[in-house]
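Notes to accompany the following structure.
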Amino acid sequence: MAPHEKPSKYGGEQQGELSPLFGEKANLNGVSDPSTPDGEYSSKYDKYGLLSSRRLWTVAVVIVVIVTVILGFVQEEEESELEYVGPYKAKEIQKGDDFFSFYDFNEGADNPGSGGINDYVSYERAKEIGILNVTSDGSVYMGSAPSGADKSFKRQSIRLEGKTRFDRGLFVIDLDHMPAGCGAWPAFWLSDDEDWPNGGEIDMVEGINYQSKVKTALHTAAQCSMFNQFPQKVRTGTWEWAAGIYNRWSGIPDNKTLVETDNCWVSSPHQWTNQGCVTVSDQDDTLGVPLNKNGGGVFVMEWDPDNGYIRSWAFTPHNTVPENLVQALATADDKDESKRVAPDS
Numbered sequence: 001m002a003p004h005e006k007p008s009k010y011g012g013e014q015q016g017e018l019s020p021l022f023g024e025k026a027n028l029n030g031v032s033d034p035s036t037p038d039g040e041y042s043s044k045y046d047k048y049g050l051l052s053s054r055r056l057w058t059v060a061v062v063i064v065v066i067v068t069v070i071l072g073f074v075q076e077e078e079e080s081e082l083e084y085v086g087p088y089k090a091k092e093i094q095k096g097d098d099f100f101s102f103y104d105f106n107e108g109a110d111n112p113g114s115g116g117i118n119d120y121v122s123y124e125r126a127k128e129i130g131i132l133n134v135t136s137d138g139s140v141y142m143g144s145a146p147s148g149a150d151k152s153f154k155r156q157s158i159r160l161e162g163k164t165r166f167d168r169g170l171f172v173i174d175l176d177h178m179p180a181g182c183g184a185w186p187a188f189w190l191s192d193d194e195d196w197p198n199g200g201e202i203d204m205v206e207g208i209n210y211q212s213k214v215k216t217a218l219h220t221a222a223q224c225s226m227f228n229q230f231p232q233k234v235r236t237g238t239w240e241w242a243a244g245i246y247n248r249w250s251g252i253p254d255n256k257t258l259v260e261t262d263n264c265w266v267s268s269p270h271q272w273t274n275q276g277c278v279t280v281s282d283q284d285d286t287l288g289v290p291l292n293k294n295g296g297g298v299f300v301m302e303w304d305p306d307n308g309y310i311r312s313w314a315f316t317p318h319n320t321v322p323e324n325l326v327q328a329l330a331t332a333d334d335k336d337e338s339k340r341v342a343p344d345s
């Protein structure tokens, strides 16, 4: 499927541990907390992020719950070449109590595009009402709660925005559980909100309600169509379909024509507004309830502007993660560059 440090101001009593993906044993068998409802999120995450040169920051949003963790890698570069030059170097490893130091908490109402039902709260408020926690093993938990006294909103939730801006890299998200169910919108995005959509947006992980196949989407300005760019033989997954688009002349919805969503332009006339180009996994356990039953999984996105591609992968359950990727993550923080392992493409 085709698919950025400030001192921490958030304290915590528990001591987080290194995620399994970075542990010496590289044990990838994540265990989902059976007490966590499908409308909440729990992760033993380390997210590994890749990004290179169009400045984007990370945003994690979920209508019922917000989930985010990032690990960033920066590709070793040589000024004389614009091609892949080897292993990735760890840029950010977000885990345990340090996790929240990589993010700002957005506060206030969500935007109309999300239905306007969430009241996003601060770190302190989230701790107070029990929708945020870091467990003793380093797992990051985020959930949501009823609106409380302010009845103008239906839920109190969390929206995090990354402090670091990236322009290329390899991003990896390791999670045990994600929100699922009617009204849930689990998502992990990279976006340039200061110049959107010209700066682009990469939705690395996204889905809604009871969908079971994860999606990766791009949202851009005009002149970014993927039509005939990726033959089926060089990719997995499929394009999402658009139907019921209103005829611009008659105003009548066309429910007979199905259109592949291969145009990333947010105002493409043959797709829903801001639908973008959307690819759908061919695995039926990469999102929601099936993913949670399997104990989560690992999601990877590679952004390489020099070679002109964005690629994404979903590995579920955890025991399907390639050993080469495990080794690449385990050695990415090694000061000895010769010991770093390059992930397979």
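Following UniProt numbering, the numbering of the sequence shown begins with 1 at its first residue and continues without gaps.
Even for Gly, the Cβ is constructed at its ideal location relative to N, Cα and C.
Buried or exposed for Tyr211, going by 16 or more other Cβ atoms inside 10 Å? The question names Tyr, but residue 211 in the sequence shown is Gln. It is buried - the Cβ of Gln211 has at least 16 other Cβ atoms within 10 Å.
Grouping DSSP H, G and I as helix and E and B as strand, with all else coil, what is Glu194? In this structure, Glu194 counts as helix in the three-state DSSP scheme.
Do Ala184 and Asn292 count as a contact pair if the criterion is CB distance below 8 Å? At least 8 Å separates the beta-carbon of Asn292 from that of Ala184.
What runs of the beta strand (DSSP E), each 3 residues or longer, lie entirely inside the stretch 107-193? 118-120, 132-134, 140-142, 155-157, 160-175, 187-191
At the level of alpha carbons, what is the spacing between Ala332 and Ile93? 10 Å
Grouping DSSP H, G and I as helix and E and B as strand, with all else coil, what is Asn263? strand
With a 10 Å radius around its C-beta and 16 neighbouring C-beta atoms as the bar for buried, classify Ser35 as buried or exposed. With a pLDDT of only 36 at Ser35, under 50, the local geometry of the prediction cannot be trusted, and no value is derived from it.
Is Trp241 buried or exposed, if buried means 16 or more other CB atoms sit within 10 Å of its CB? Exposed.
If you reduce the DSSP assignment to three classes, tell me which class residue 347 lands in. The shown model of the chain, from 1 to 345, leaves out residue 347, and the question about it has no answer.
Look at the alpha carbon of Gly297 and the alpha carbon of Asn106, and state the distance between them as a whole number of angstroms. So the alpha carbons of these two residues sit roughly 27 Å apart.
Give me whichever residues DSSP pairs with Asp203 in a beta bridge. Trp189, Ala217
Return the chain-ordered list of same chain residues with a C-beta closer than 7 Å to the C-beta of Pro322, the five sequence neighbours on each side being excluded. The residues are Asp344.
Nearest-angstrom Cα separation, counted from Asp119 out to Phe153: 6 Å
Would the beta-carbon of Met204 fall within 8 Å of that of Ser312? Going by C-beta atoms, Met204 is nearer than 8 Å to Ser312.
Let me know the secondary structure DSSP gives Asp254 once reduced to three states. DSSP, reduced to helix, strand and coil, places Asp254 within a strand of the structure shown.
Rounded separation between Val234 and Asp285 - CA only: 22 Å
Please determine, among Asp176, Gly162, Pro87, the residue with the shortest C-alpha to C-alpha distance to His318. Asp176
By the three-class DSSP mapping on this structure, what secondary structure does Val341 have? DSSP places Val341 outside both helix and strand once states are collapsed to three, so it counts as coil.
Using the rule of at least 16 other Cβ atoms within 10 Å of the residue's Cβ for burial, across every protein chain shown, is residue 359 buried or exposed? Past the edges of the chain, shown from 1 to 345, lies residue 359, and the structure says nothing about it.
What residue range is occupied by the uninterrupted beta strand (DSSP E) comprising Gln91? Here residue 91 is Lys; the residue named in the question, Gln, does not match the sequence. 88-93 is the extent of the beta strand (DSSP E) around Lys91.
Quick one: residues in its chain with C-beta nearer than 6 Å to the C-beta of Gly244, no 5 flanking neighbours on either side, listed in chain order? Pro253, Asn255
DSSP state of Ser312 mapped onto helix, strand, coil: strand
Per DSSP, Ile245 is paired with what? Asp254
Just reading off the beta strand (DSSP E) that Thr279 is part of, what are its end residues? It spans 277-280 - the beta strand (DSSP E) in which Thr279 sits, taken as one unbroken run.
When DSSP labels each residue in this structure, what does Ser101 get in the three-state scheme? helix
Suppose contacts are defined by Cβ-Cβ distances below 8 Å. Is Lys163 in contact with Tyr103 by that definition? yes
Taking the alpha-carbon of Gly199 as reference, which of Leu325, Leu218, Thr273 has the nearest alpha-carbon? Leu218
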